[in-house]
Amino acid sequence: MSAWTVSAAAPVAGARHLAAKGRVAPTRVATSAARVAPAPTRGATLRVSAEASEKNLEVMRKFSEQYAKGSGTYFCMDKSVTAVVIQGLAEHKDTLGSPLCPCRHYDDKEAEVASGFWNCPCVPMRERKECHCMLFLTEDNDFVGDEQTITMEEVVELSEGM
640 MSAWTVSAAA
650 PVAGARHLAA
660 KGRVAPTRVA
670 TSAARVAPAP
680 TRGATLRVSA
690 EASEKNLEVM
700 RKFSEQYAKG
710 SGTYFCMDKS
720 VTAVVIQGLA
730 EHKDTLGSPL
740 CPCRHYDDKE
750 AEVASGFWNC
760 PCVPMRERKE
770 CHCMLFLTED
780 NDFVGDEQTI
790 TMEEVVELSE
800 GM
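Per the numbering used here, the sequence shown starts with residue 640, numbered consecutively.
So, in structure tokens, the structure goes:
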């Protein structure tokens, strides 16, 4: 189990909120929410790892804000998605030395870091503004919010207990 994995309940709860506001169909919400983390096994208690150092958490938070502003993208309207992705990036920065995309499966993370393709911002994001993690969203995305900032307190609070 990945240490940054989130509880399926948190993204789905946010997804239900999006569906209730008429932003997306519930089936589309469930598909997009599943991108954030693999489904947990029954009875499993999942959490965001406390492994990410405070220093790298702050580095990745600042990077995310600066990149969103510089690329003209915005964070997800459900900021818990943003918080969990930043947590995953910080953990990878701690363990791998690079902010490898936390929303993908890798057979060999070290080889992926060396190739640079999935290091954040990944090639699809840099070339086409396509963020698999839903961290950087364009204005035409169904999940786009209107913010390009997130505080350290929000990152900690929104990723706590996931």
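Just so it is clear, CB atoms sit at the ideal spot from N, CA and C, and this is done for glycine as well. Note that this is a predicted model, so its numbers are computed, not measured.
For residue i, which residues of its own chain have a beta-carbon under 6 Å away from its beta-carbon, when the five flanking residues on both sides are left out?
| i | result |
| --- | --- |
| Phe756 | Val762 |
| Arg767 | none |
Pick out whichever of the options has its Cα sitting closest to the Cα of residue i.
| i | options | result |
| --- | --- | --- |
| Met773 | Ala722, Lys694, Glu693 and Gly709 | Ala722 |
| Glu730 | Met716, Cys715, Asp747 and Asn695 | Asn695 |
| Gly784 | Ser719, Met764 and Lys732 | Ser719 |
| Ser703 | Met716, Asp717, Ile725 and Glu693 | Ile725 |
| Lys732 | Gly800, Asp779, Glu697 and Asp781 | Glu697 |
Give me the Cβ distance between residue i and residue j, rounded to the nearest whole Å; I'm assuming they're in contact under 8 Å.
| i | j | result |
| --- | --- | --- |
| Leu797 | Tyr713 | At roughly 16 Å, the Cβ-Cβ gap does not stay under 8 Å, so Leu797 and Tyr713 are not in contact. |
Which residues in the same chain have their Cβ closer than 7 Å to the Cβ of residue i, if we skip the five residues on either side of it in sequence?
| i | result |
| --- | --- |
| Asn758 | Ser737, Pro738, Leu739 and Val752 |
| Ala707 | Tyr713, Phe714, Phe775 and Gln787 |
| Arg700 | Ile725, Ile789, Met791 and Val794 |
Identify, in the order they occur along the chain, each residue of the same chain with its Cβ nearer than 8 Å to the Cβ of residue i, setting aside the five sequence neighbours on each side.
| i | result |
| --- | --- |
| Leu735 | Lys748, Glu749 and Val752 |
| Ser692 | Ala729 and Asp733 |
Taking all protein chains shown into account, do 16 or more other C-beta atoms lie within 10 angstroms of the C-beta of residue i, making it buried, or fewer, making it exposed?
| i | result |
| --- | --- |
| Gly711 | exposed |
| Asp717 | buried |
Could you tell me which whole alpha helix (DSSP H) segments of length 4 or greater appear in the segment 723 to 792? 748 to 754 and 762 to 767
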